[in-house]
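Working notes for the structure below.
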Amino acid sequence: MSDQSFKKSLGSLDVVALAFGAMIGWGWVVLAGSWVLSAGVLGSVLAFLLGGSVVLFIGLTYAELAASMPVTGGEHTYTYRAMGIHVSFFCSWMMLMGYLSVVAFEAVALPTVVEYLVPNYNQGFLYNIAGWDVYASWVAVGMIGSVVMTWINIRGVEVSAWFQKAAVFGILAVGIMLFVGALMFHPEELGRAPDFAENKWAGIMMVMVMVPFMFVGFDVIPQAAEEIDLTRPKIALYLMVSLVIAVMWYMGIAWSVGTILTPQEISGSPLATADAIAKAWGGHWAGTLLIIAGVLGILSSWNAFLMGGSRLIYAMSLSYMLPESLGKLHAKYQTPVTATLLLGGLATIAPLFGRKMLVWIVDAGGLGVVIAYTLVALSFLVLRIKEPKSMVRPVKIPAGKLVGVLTLLAAGSMIYLYLPGSPSALIPVEWAIFAAWTVFGILLYLYALKKFPGKSKAFMDEEIVAIKEHNQKWWREHGMPSKAFEHEND
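Under our numbering, the sequence shown has 499 at position 323, and the numbering climbs by one with no breaks.
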């Protein structure tokens, strides 16, 4: 076991802001119009209600596991306890791909958004990549943003948490403004989008395809579990609270845009969400304010994934699956400095590759995240079968096996969305990126097994023993009988 430790600094508001900010990026600004056109006003709301319910099931499995094993790395530990070292590495490597892709994409999203705010912004043509022109001014904004976000994360979780709360507060303020504007609007006089599209269920399904990917990010809570200063049940509670808020957010955004704008206005708008709030409040200033909220969404998502990704790298390094240097904590700030610099450095060079290539990376990374979710759902079910009573569960989801089966089916079906034959299937270059990342991970893992024979398993076994001891202590402190965990160390 390492003698390094994180400082517990995250309270309830920090946890909710961390997860909600991760789930709310720039997508709600640019995609809300397409949701309404595809499914109608109530159709898009229903799509997020149904799709969000699926994600909530996945959240339930995370809630139970995070409360039982509140350690840095989250999925890394859950899958090891359920299915062993090989599955643990594969799940962690897939999740890391998703985190890295989001962090890199945010470095591209930031300069893209600035284009909407600053006239004649693109200056200093550099080259063309995959049909997209790359400009020096565009690259500079992305790089500067990445350096700042990396610095914030190295400075400590308190600084990151303060920034996250400020960003989320700004996003919520503008979102509420849009919703209030829609409530005060009179669509019966000015026209509005229909409740449902002509192809009712087909349209709803088209929106539901996008739903799971809008909620990626709640899993950063388990990654930072050792820095959360809350009781175990509250960690699970606030994880679910953040998910519920996100579901309500997306439903509210879709309803507001569809209520304010007509289908013709949505079709002719490059940013329907900004045009909707401008129309509701009668001024271009409101649209600009919403775009600024979109920038805050980018930064909050960026911050959360940088935090979660660096903690996952740290956990993998500490368990001898990645180079030992990546497990170093900053002497003063107690943050995983090397892992943060690695992620931040990759994000800093990302703008040099243009927007198109980063879209490919994000799509491939999405498959990695869905695979990781499926493995977590499977781990939840395996542990319910393998350790039905001996595993201490501070939060125990009712009808656990049924929830596990339903979640596994739901999570597994999400993988289909990426496969050939699906409307959102990966294209060949994205499959090549996914394959390259997988092969690279396998090679790293084989190297680690050869260099540190038996150490990964020994470390993780020691980690699980420590978790069981802490669980027993927690159980006794809460007045539970010792016989409830008498087989915990078998």
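The beta carbon of each residue, even a glycine, is placed where N, CA and C say it ideally should be.
- Here Glu374 is exposed. Its C-beta has fewer than 16 other C-beta atoms within 10 Å.
- The segment 226-239 makes contact with the segment 382-396; the number of CB pairs closer than 8 Å reaches 3 or more.
- Taking each of Thr255, Val315, Val423, Ser486 in turn and checking the Cα distance to Gly227, the smallest one comes out for Val423.
- Between Leu186 and Leu406, the C-beta gap is smaller than 9 Å, which places the two residues in contact.
- For Glu240, the closest alpha carbon among the candidates Val263, Tyr621, Leu559, Asp637 is that of Leu559.
- Under the 8 Å Cβ criterion, the segment 525-533 counts as touching the segment 306-322, having at least three qualifying pairs.
- For Trp613 against Met273, the beta-carbon gap comes to about 5 Å, under 8 Å, which counts as contact.
- In the three-state reduction of the DSSP assignment, Val423 falls in the helix class.
- Under the three-state reduction of DSSP output, Asn329 falls in the helix class.
- Annotation for Val310: no alpha helix (DSSP H) segment contains it, though the beta strand (DSSP E) segment containing it runs 308-311.
- Within the same chain, Thr248, Gln399, Ala400 come within 6 Å of Arg487 by CB-CB distance, once the 5 residues on both sides are set aside.
- Closest in alpha carbon position to Trp211, among Ser598, Val387, Ala469, Arg331, is Val387.
- The segment 488-502 and the segment 453-463 do not touch, with fewer than 3 CB-CB distances between them shorter than 8 Å.
- A buried status is given to Ile537, since no fewer than 16 other beta-carbon atoms sit within 10 Å of its beta-carbon.
- Between the segment 642-653 and the segment 295-305, the count of C-beta pairs closer than 8 Å stays below three; the two stretches do not touch.
- The segment 496-516 and the segment 617-627 touch, with no fewer than 3 CB-CB distances between them shorter than 8 Å.
- Sorting Leu593, Val344, Lys504 by C-alpha distance to the C-alpha of Ile421 places Val344 at the top.
- Secondary structure note for Phe266: its alpha helix (DSSP H) is the uninterrupted segment 261-293.
- Taking C-beta separations shorter than 8 Å and ignoring five residues to either side along the sequence, Pro629 has no partners in its chain.
- A distance of 9 Å or more separates the beta carbons of Trp202 and Tyr426.
- With fewer than 16 other CB atoms across the displayed protein chains lying within 10 angstroms of its CB, Tyr592 is exposed.
- If you look at Phe481, you'll find it in the alpha helix (DSSP H) that goes 460-494.
- A distance below 7 Å between beta-carbons, with the five flanking residues on each side excluded, links Ser501 to the following residues of its chain, in chain order: Thr514.
- According to DSSP, residue pairing for Leu186 in a beta bridge involves Ile404.
- Beta-bridge pairing by DSSP links Asn304 to Asp309.
- CA-to-CA, the gap between Lys410 and Ser188 works out to about 8 Å.
- Approximately 5 Å separates the beta-carbon atoms of Met319 and Thr524; this is inside 8 Å, confirming the contact.
- The beta carbon of Lys633 lies closer than 6 Å to those of Ile261 in the same chain, with the five residues before and after it left out.
- Collapsing the DSSP output to three states places Lys572 in coil.
- For the set Val324, Ser555, Ala480, the Cα lying nearest the Cα of Met199 is the one of Ala480.
- A straight line joining the alpha-carbon of Phe361 with that of Thr435 spans about 8 Å.
- Distance between Ala349 and Val231, taken at the CA atoms: about 25 Å.
- Under the three-state reduction of DSSP, Glu563 is assigned to coil, being neither helix nor strand.
- For Trp457, the enclosing alpha helix (DSSP H) starts and ends at 448-457.
- Residue environment analysis places Phe616 among the exposed positions, since fewer than 16 neighbouring C-beta atoms fall within 10 angstroms of its C-beta.
- Sequence-distant partners of Lys455 (beyond 5 residues in either direction) whose C-beta falls short of 6 Å from its own C-beta, in its chain, are Ile436.
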